[in-house]
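Trainee: Chains A and B are the protein sequences, given in the same order. Quick note on this note's numbering: the first sequence kicks off at 493 and runs consecutively. Quick note on this note's numbering: the second sequence kicks off at 326 and runs consecutively.
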Amino acid sequence: MSAIISVQNVSKSYWRDSLEIPVLNNISIEVQEGDFLALMGPSGSGKTTLLNLIAGIDKPSKGNVIVAGTDISKLGESALAKWRANSVGFIFQFYNLIPVLTAFENVELPLLLTKLSKSQRKKQVETALTLVGLGERMYHYPKQLSGGQEQRVAIARAIVTDPVILVADEPTGDLDKNSASEILTLMERLNSEFKKTIIMVTHDPHAAEKAKQIRHLEKGDLV
Amino acid sequence: MKVLKLILKNALRHKLRTTLTILGISIAVIAFVLLRTVVTAWYAGVEASAANRLIVRQAVSFIFPLPYAYRDKIAAIPGVETVSWANWFQGVYIDKNQFFARLAVDAETIFNVYPEFLITQSELESFKAERNSCILGQDIAKQYNLKVGDVMTIEGDIYPGKWDFVIRGIYRPRDKTTDATQMLFHWAYVDERMRQEQPIRAGDVGWYIVKIKDPNQSALISQQIDALFKNSRAETKTETERAFQQGFVQSTSAIITSMNVLSFVIIGIILLVLGNTMIMSARERTREFAVFKTLGFSTYHLTGLIGGESLLISALGGGLGLFLAFPIIQGFESFIPKGFFPIFQVEPITVFFGVSAALLIGIIAAVFPIQKALRTSIVEGFRFVG
């Protein structure tokens with residue numbers, strides 16, 4: 493297996509007024525293609541920041557983040573947006589579905605940026621929703637779905653473009669035990685059956701158990 | 326699903342707020358169109374004035390008369406085609422609050438100098454032949470349900486007494502800029518009665534209307550007319566009909582300026598109403614914009630989403646406002662005396678300004694929310710608590 497993600501000597505600081513707050517300190521980590529990595533650590537340890545850097549929604553203060561051969565830390569905003577659209581699937585703690593859109597339309601959103609025809613989009617959306625077990629609820633709005641179902645729609649949205657990597661930030665953090673278990677099983681399946689590389693941030697040791705590899709962060713350092 | 330559908334869904338997310346905003350915009354557009362229509366109506370006389378007509382009036386003030394004897398002297402000036410004249414009669418017909426222009430005119434020449442008043446040859450001949458006859462504008466005839474042969478009794482004030490006039494014709498306006506609210510009768514009839522009852526006022530002419538052959542000669546002929554009566558007991562001031570009408574309008578310039586300013590204040594109010602809605606709407610969706618950015622939507626897409634929603638709301642408000650403005654303005658017109666604004670209609674330019682203002686406001690109102698959405702990073706967007 494080759495490293496699909498390579499984080500090299502990455503530091504990240506945020507500024508509050510004139511005060512610099514270091515979040516990550518010279519981190520280096522590699523993730524192999526097809527891996528399922530769980531990032532754990534206490535609040536404020538920098539795990540979500542590291543995930544954001546890998547997913548290209550934030551930029552490092554120092555160092556490089558190379559994903560599938562592309563140094564995304566050097567990409568401009570526009571190029572980075574295109575890269576995200578093509579390469580990354582996102583799963584958030586609070587699902588972040590658009591409430592005025594149906595499950596189908598939410599999943600279709602990333603495909604609007606592609607050149608796919610309407611029928612091709614429909615086919616892909618239906619495949620993704622069926623894969624997450626929501627083939628019967630395509631035209632329901634988020635408020636008509638349970639938390640677990642909403643998260644499954646979010647997963648369908650994350651995989652519909654067939655991205656290189658999936659990033660998940662506390663995907664079970666807002667779910668009850670049963671729903672959380674279903675979501676983790678689904679993610680496990682995406683990794684094992686569909687060979688998706690997954691990086692998941694979690695507080696939950698039970699969730700982390702599903703990953704192939706667990707790394708801990710503390711005060712901005714990998715331990 | 327297309328972006329337009331998403332814009333529509335976003336606009337309808339808070340139905341009550343969007344509806345109230347659309348109604349607010351439409352009411353403001355109605356007010357804007359109404360004010361502009363009133364301002365336009367004020368200037369209608371100026372716009373309708375002919376280039377080949379000069380107005381000769383008393384130099385001191387319009388209210389002082391000129392001698393009838395000036396007629397032949399003016400007519401003798403080279404370049405003058407026709408000389409006609411008129412007196413402001415005023416008086417009351419039925420209701421003193423219902424105003425329309427009542428003028429004593431020279432029956433022989435008045436329709437030569439005002440070809441925009443269309444009348445049949447037989448009606449004109451009947452009018453000329455009968456001294457106590459009158460010609461009525463079709464709008465006034467319609468308003469009072471009058472027809473040829475009816476008698477109109479005017480209670481005189483400037484010219485005291487009861488005056489009976491038989492309607493011998495109803496003139497039609499040549500186009501929509503022509504005043505169809507005038508009542509015209511024989512100056513000679515009025516003068517004859519003045520000669521008997523108030524001889525000192527006999528031979529008084531309110532103003533002369535001089536039709537000239539070449540509009541380019543208007544300045545020269547005006548100078549020649551005024552020079553002719555310089556140092557006389559009734560010096561004249563001659564000007565083009567447009568300048569004469571503008572003089573009237575300028576006497577109320579403060580009101581018109583206020584209305585002009587007010588109409589643009591209304592534009593500002595619409596901007597604030599829509600701007601407030603868009604800012605609230607964008608603020609509530611800060612996290613969603615972060616989601617869109619995360620999914621790969623670009624600056625261009627977000628600008629389209631927010632700007633499109635703002636434009637949609639402003640277009641709906643503007644469209645509704647314009648749609649309602651026409652019947653409302655018609656209703657407003659029925660409440661004002663017919664002759665007060667002889668030409669009262671929504672001009673195409675007013676519609677154009679209304680539509681342009683609504684769309685421009687849609688664009689401007691979106692600027693701040695777009696700027697905010699674009700400047701907020703994805704990380705900040707996800708941290709936002711609305």
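Yeah, the Cβ is synthetic: ideal placement off N, Cα and C, and Gly gets one too. Since we're looking at a predicted model, the values are computed, not measured.
1. Can you grab the Cα-Cα spacing for the pair A/Phe658 / B/Ile688, in whole Å?
2. Where does the unbroken beta strand (DSSP E) through A/Tyr506 begin, and where does it stop?
3. What does DSSP give as the partner residue(s) for A/Asn556 in the beta ladder?
4. Output needed for A/Lys687: all residues of its chain with C-beta closer than 7 Å, excluding positions within five of it in sequence on either side, in chain order.
5. In the DSSP assignment, find the unbroken beta strand (DSSP E) run with B/Asp489 in it and report its ends.
6. Using the rule of at least 16 other Cβ atoms within 10 Å of the residue's Cβ for burial, across every protein chain shown, is A/Gln636 buried or exposed?
7. Run through the DSSP bridge pairs and tell me what A/Gln524 is partnered with.
8. What would DSSP say about B/Glu406, mapped onto helix, strand or coil?
9. Checking 9 Å against the spacing of the C-beta atoms, do B/Val530 and B/Val405 come in under that value?
10. With DSSP as the reference, identify every bridge partner of A/Gly581, one or two as the case may be.
11. Going by DSSP, name the residue or residues bridged to A/His632.
12. How about B/Lys327: is its C-beta nearer than 9 Å to some C-beta of chain A?
13. According to DSSP, simplified to helix, strand and coil, what is B/His339?
14. Please confirm if A/Lys554 has its CB atom under 9 Å from at least one CB of chain B.
15. Would you say A/Glu569 lies against chain B (beta-carbon separation less than 9 Å)?
16. Determine, using beta carbons only, whether A/Arg629 comes closer than 9 Å to chain B.
17. How close, in whole Å, do the beta carbons of B/Thr563 and B/Val381 come, if the pair is a contact with beta carbons under 8 Å?
18. Pull out every residue of the stretch 504 to 536 of chain A whose Cβ sits closer than 7 Å to any Cβ of chain B, in chain order.
19. Quick check for students: name the residue ranges of the beta strand (DSSP E) that lie wholly in the stretch 418 to 505 of chain B, counting only runs of 3 or more.
20. Quick one: which chain B residues come within Cβ less than 8 Å of A/Asp550?
21. Select from A/Phe584, A/Ala620, A/Glu685, A/Ala660 the residue whose C-alpha is nearest the C-alpha of B/Glu613.
22. Could you check what DSSP says for A/Thr606 in three-state terms: helix, strand or coil?
23. From which residue to which residue does the alpha helix (DSSP H) around B/Tyr395 run?
24. Could you name the residues of the same chain whose beta carbon sits closer than 8 Å to that of B/His626, not counting the 5 residues immediately before and after it, in chain order?
25. Would you grab the beta carbon distance between B/Val704 and A/Asn544 for me? Rounded to a whole angstrom, and I think it's under 8 Å.
26. Given that B/Val616 touches chain A, what residues does it touch there, using C-beta distances under 9 Å?
27. So what does DSSP say about A/Arg681, is it helix, strand or coil?
28. For B/Phe669, which residues of its own chain have a beta-carbon under 6 Å away from its beta-carbon, when the five flanking residues on both sides are left out?
29. Quick check on DSSP: helix, strand or coil for B/Glu560?
30. Who does B/Pro392 pair with in a DSSP beta bridge?
31. For A/Pro514, which three-state DSSP category applies?
32. Compare the Cα-Cα distances from A/Gly561 to each of A/Ser579, A/Ser553, A/Glu569 and report the closest residue.
33. If B/Leu630 and B/Ala690 are in contact, beta carbons under 8 Å, what's the gap, nearest whole angstrom?
34. Between the stretch 593 to 614 of chain B and chain A, which residues of the former have a C-beta closer than 8 Å to a C-beta of the latter?
35. Measuring CB atoms only, is the stretch 355 to 365 of chain B touching the stretch 674 to 684 of chain B, in the sense that at least three cross pairs come out at less than 8 Å?
Mentor: With the structure as the only source:
1. Looking at the sequence provided, one finds Leu at residue 658 of chain A rather than Phe. Across the structure, A/Leu658 and B/Ile688 are spaced so that their CA atoms are roughly 38 Å apart.
2. Secondary structure note for A/Tyr506: its beta strand (DSSP E) is the uninterrupted segment 495 to 508.
3. BP columns for A/Asn556 point to A/Gln500.
4. Hits under 7 Å: Gly526.
5. Residues 486 to 498.
6. Exposed, because fewer than 16 other Cβ atoms sit within 10 Å of the Cβ of A/Gln636.
7. For A/Gln524, the pairing in a beta bridge is given by DSSP as A/Ala495.
8. Residue state, collapsed to three classes: strand.
9. Cβ atoms of B/Val530 and B/Val405: not closer than 9 Å.
10. Paired residues: A/Leu658.
11. Answer is none; A/His632 lacks a bridge partner.
12. Taking Cβ atoms only, chain A reaches closer than 9 Å to B/Lys327, which makes this a yes.
13. In the structure shown, the three-state DSSP call for B/His339 is coil.
14. Using beta-carbon distances, A/Lys554 does not count as an interface residue toward chain B, since no partner is under 9 Å.
15. So, interface residue.
16. Not closer than 9 Å to any Cβ of chain B, the Cβ of A/Arg629 fails to qualify, so no.
17. 5 Å between Cβ atoms; contact.
18. Of all residues in the stretch 504 to 536 of chain A, none has a Cβ within less than 7 Å of some Cβ in chain B.
19. Fully enclosed beta strand (DSSP E) runs of 3 or longer: 427 to 430, 458 to 462, 476 to 481, 486 to 498.
20. Within chain B, the residues near A/Asp550 are Ser702, Ile703, Val704.
21. The candidate whose alpha carbon is nearest that of B/Glu613 is A/Phe584.
22. A/Thr606 falls in the coil class under three-state DSSP.
23. The continuous alpha helix (DSSP H) containing B/Tyr395 extends over residues 395 to 400.
24. The answer, listed in chain order, is Val328, Phe617.
25. With 8 Å as the limit, B/Val704 and A/Asn544 qualify as a contact, their Cβ atoms being about 6 Å apart.
26. For B/Val616, the C-beta contacts it makes with chain A under 9 Å involve Phe582, Phe584, Asn588, Leu589, Ile590, Leu601, in order along the chain.
27. In this structure, DSSP gives A/Arg681 a helical state, which the three-state scheme calls helix.
28. Counting only Cβ-Cβ distances below 6 Å, and skipping sequence neighbours, we find Ala366, Glu658.
29. Annotated three-state conformation of B/Glu560 is coil, per DSSP.
30. The partner list for B/Pro392 (beta bridge, DSSP) reads B/Asp529.
31. The three-state reading of DSSP puts A/Pro514 in strand, counting E and B together.
32. Out of A/Ser579, A/Ser553, A/Glu569, A/Ser579 has the C-alpha closest to the C-alpha of A/Gly561.
33. Actually they are not in contact, since the Cβ atoms of B/Leu630 and B/Ala690 sit about 14 Å apart, beyond 8 Å.
34. Taking 8 Å as the Cβ-Cβ cut-off, the stretch 593 to 614 of chain B approaches chain A at Arg612, Glu613, given in chain order.
35. Per the Cβ contact rule, the stretch 355 to 365 of chain B is in contact with the stretch 674 to 684 of chain B (3 or more Cβ pairs under 8 Å).
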